[in-house]
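Numbering (this note's numbering), first residue to last: 61 to 714.
Note that beta-carbon positions come from the ideal geometry of N, C-alpha and C, so glycine has one too.
Have a look at this one:
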C-alpha cells in the first residue's frame, strides 16, 4: 500500500483539514451540548466575557482546563492523518454517508435530550455547537467508513480457509451446518422455553385469542364490523390469530389453556430456530470464514433477545423468520445460483405467502423485491421466478379481497396508516392550540377528538392519539381534515418536522438506550398481559411458580448483557439502519448496482417503520426482521456475485 504524494500547497491543505477535524471532534467530547442560560453563565468560568452573548455561552460550554483536550486532539489528528494516507477510491458515497450519519447523531441527541430541535436551533450558540459537532462527527465517520470498506474488500479478512477445521463442533458445523446450528439453537434456548412456560405474553396476544373465541377486544370495540357475529378482523394478521387460537382451542379440549398456547409457542420456537439455522448454514454457501459463521451462531444462541423472541407470543417472530428465508432466496436469484427445483419453488412460494400474511407490511417486502425479475440472462429462470411472484401475490389478494369478505372479516382501521399526520396535528394543538380557529377545530374534530389529542399526545408513540379517531369519518371528513392539516403546516412547518422526527429518531440514532425496550418482555410484563387482557375473560394462563427462580436469573443475565458496551447496540433499531446504509454505500461505490436488489426488502421494512405508530427507542420488534437477515445480507454484500475481484477497486484512484 503506497502513500499518495502531494505538492506543498496540497500538503498544507491536508494539514489544515486534519487540524479542523481533530479540533472539532475534540470539542464534541469536551463540550457541554446543553443550553447555557443566563443564570448558569454567572457561575461559570469566563462568564465575564460579553454577557449573554454567543461568545460567552460558547465559552461557558467548554472546559479548557487540564491536558485531556490536548491529548484528545493529538490522538484524533494522528488517526486522521494516518487514514488519509490510504490510497482509497475517490467516491462521493463515503462522504454522503459520513454526512448523513453525522446528522443522525446531532439531531438524534437533541431529541433524546429535549424531544425537540432546541439543542440545535435555540440560539446562535447552540447553532454554532451543532455545526462544530457535525464537522467533528463527519471527520470521525469518514475514516471509519473507509476502514470498514477496506476491511470488507480484503480477501484475507473474509476468506474461508480450505483446510478442514479442528474440533468436533467445528467439523460438525462444516459437514452438517444446518442440522448442527439447528440443534445448538434449540438446546441454547431451552431454558427460556421451560422457564417462561407457556410463553411470554405481550399486548396483542390476549386480543388475538379473544378475537378467535369471538370475545370483545380492543380492536372489535372500535372498528365498524362487517358482522357483529364475526369479531376476527385484520388489525392483527388473521393467519397468525387462527394459528394461535387453534392451539388454545386444542388446549381447552385437553383441559389446559397453558398447554394449548404452549403448543403454538413450540411451533414458533422450532420455526425460528430452523430459519436462523438455515441462514447460518447459508453463510458457508457464501464462503464466509468459519470465525464469522461461528460468531453469528454464538450470538444467536446466547444473546438474550433471540431466545426471548423465540418464546414471545407475537406475529413478529414468525414474520421475521419468513423474511429471512425469503431474503436467502432473493440472494440466490441475484447471484444466479442453481435454478430452484420443484421443492425449493414450493418453499419459495410458501415463504412469500408467509411474509405477506403474517404482517401487514409483508406485501411491501415482496413488492420491493420485484426488480429481481429483470436480472439475469436466463429467460426461462426469470419467467419461472415471475410466475412464483405472480402466484403468491394473486393468492394473497384473493385471501384478503375474496376470502375475508366471504367470512365477514373486517379490514384493519384506516387510522393505522395515519400516524404521521395525526402526530403532527396533535403536537400543533399542544403547542399552538391558541391559534387554532373554530373552523379548524370543527374539521379536526370530525376525524379526531380535538379536546383530547393535545393532552393525549405522546411524542414517541401515536397510539394515544389514534384511539380518538372516529371510525365513521367519511372521505369528505378526511378531505376537510387534510385541508386544515396543510394550512397548519404552512403556519408552523417546524412543528410538523419536529413531530415526525420525535416519533422516529430512534430508527436513526443509537445513543438512547431505553430501559422499557430492554425489560418489556420480562415476567412482570407478561403476567400483567395475562391477568389484565385475557384471564378475566375466562382463561387461565400463568407462568409456573416452580420456574420463577430461573426466570429471575435469566432476566438478571439479560440486564447484564444488554447493559454491556457494544452488546447493547445489537438491540438498537438504528444499528440496523446504519448497516443497511453502509451496505448500500459499498455497492454504490463499487457500482454493483444490480446487487442493491437484495437490500430492497430491508428498505421496505425501514420505510414502514418510520410511518409506524412507535419510536424505535421503545419497541424493537418492528426491526426484528432486519436483525434476523443482517448477517446474511452483509455477507452477500461483502462476497458479491461470487467473484472475489469485484471488491478490488476499493483502493484504486480514479
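Open item on the list: Comparing C-alpha positions only, which one of 597, 569, 568, 603 sits nearest to residue 583?
Closed with: 603
TODO: From the DSSP output, read off the bridge partner residues of residue 372.
DONE: As computed with DSSP, residue 372 is found in a beta bridge with 260.
Open item on the list: Quick check: residue 370 and residue 342, are their CB atoms within less than 8 Å of each other?
Closed with: no
Task: Beta-carbon proximity check, residue 468 vs residue 698, cutoff 8 Å - done: no
Task: Whole-angstrom distance between residue 128 and residue 136, CA atom to CA atom - done: 12 Å
TODO: Just confirm the distance between the C-beta atoms of residue 159 and residue 198, as a whole number of angstroms; I'd bet it's less than 8 Å.
DONE: 6 Å
Open item on the list: Can you check which of these residues, 273, 506, 191, is closest to residue 594 by C-alpha distance?
Closed with: 273
Task: Buried/exposed call for residue 723, threshold 16 Cβ in 10 Å - done: Past the boundaries of the shown model lies residue 723; the chain is included only from 61 to 714, so the question cannot be answered.
Task: Cβ neighbour criterion (16 or more within 10 Å) applied to residue 609 - done: exposed
- [ ] Could you spell out the range, first to last residue, of the alpha helix (DSSP H) harbouring residue 74?
- [x] 68-90
TODO: Determine the direct distance from the alpha carbon of residue 275 to that of residue 294, and round the result to whole angstroms.
DONE: 15 Å
TODO: Would you be able to state if there are at least three C-beta pairs under 8 Å between the region 548-557 and the region 158-173?
DONE: no
- [ ] Assuming residue 558 and residue 162 form a contact by the criterion Cβ under 8 Å, report the distance between their Cβ atoms to the nearest whole angstrom.
- [x] Actually they are not in contact, since the Cβ atoms of residue 558 and residue 162 sit about 19 Å apart, beyond 8 Å.
Task: Rounded separation between residue 640 and residue 501 - CA only - done: 42 Å
Task: Contact check, residue 154 vs residue 645, beta carbons under 8 Å - done: Less than 8 Å divides the Cβ of residue 154 from the Cβ of residue 645.
TODO: To the nearest angstrom, report how far apart residue 233 and residue 693 are at their CA atoms.
DONE: 20 Å
TODO: Could you please give me the residues that DSSP links to residue 293 through a beta bridge?
DONE: 470
Open item on the list: I'd like to know if the region 177-196 and the region 69-88 are in contact, where contact means that at least 3 CB-CB pairs between them fall below 8 Å.
Closed with: yes
- [ ] Tell whether a beta-carbon distance below 8 Å holds between residue 78 and residue 374.
- [x] Contact: no.
TODO: For residue 732, write down the residues that DSSP places opposite it in a beta bridge.
DONE: This structure leaves residue 732 out entirely; the chain is present only between 61 and 714.
- [ ] Pull up the distance between the alpha-carbon of residue 257 and that of residue 601, whole angstroms please.
- [x] 10 Å
TODO: Go ahead and label residue 71 buried or exposed: buried means 16 or more other beta carbons lie within 10 angstroms of its beta carbon, across all protein chains shown.
DONE: exposed
Open item on the list: Let's test the definition: count the other Cβ atoms within 10 Å of the Cβ of residue 675 and tell me whether it reaches 16, buried, or not, exposed.
Closed with: buried
Task: Start and end residues, alpha helix (DSSP H) containing residue 129 - done: 128-144
- [ ] Tell me where the alpha helix (DSSP H) around residue 548 begins and ends.
- [x] Element bounds for residue 548: 535-551.
TODO: Return helix, strand or coil for residue 611, following the three-state DSSP convention.
DONE: If DSSP states are grouped into helix, strand and coil, residue 611 belongs with the helices.
- [ ] Helix, strand or coil for residue 279, going by three-state DSSP, please let me know.
- [x] Coil, per DSSP.
Task: Beta-carbon contacts of residue 431 that lie in its chain and below 8 Å, excluding the five residues immediately before and after - done: Here the set comprises 657, 660.
Task: Three-state secondary structure assigned by DSSP to residue 265 - done: helix
- [ ] Check whether the Cβ atoms of residue 413 and residue 337 lie closer than 8 Å to each other.
- [x] no
- [ ] Tell whether a beta-carbon distance below 8 Å holds between residue 22 and residue 428.
- [x] Absent from the structure is residue 22, since the part of the chain shown begins at 61 and ends at 714.
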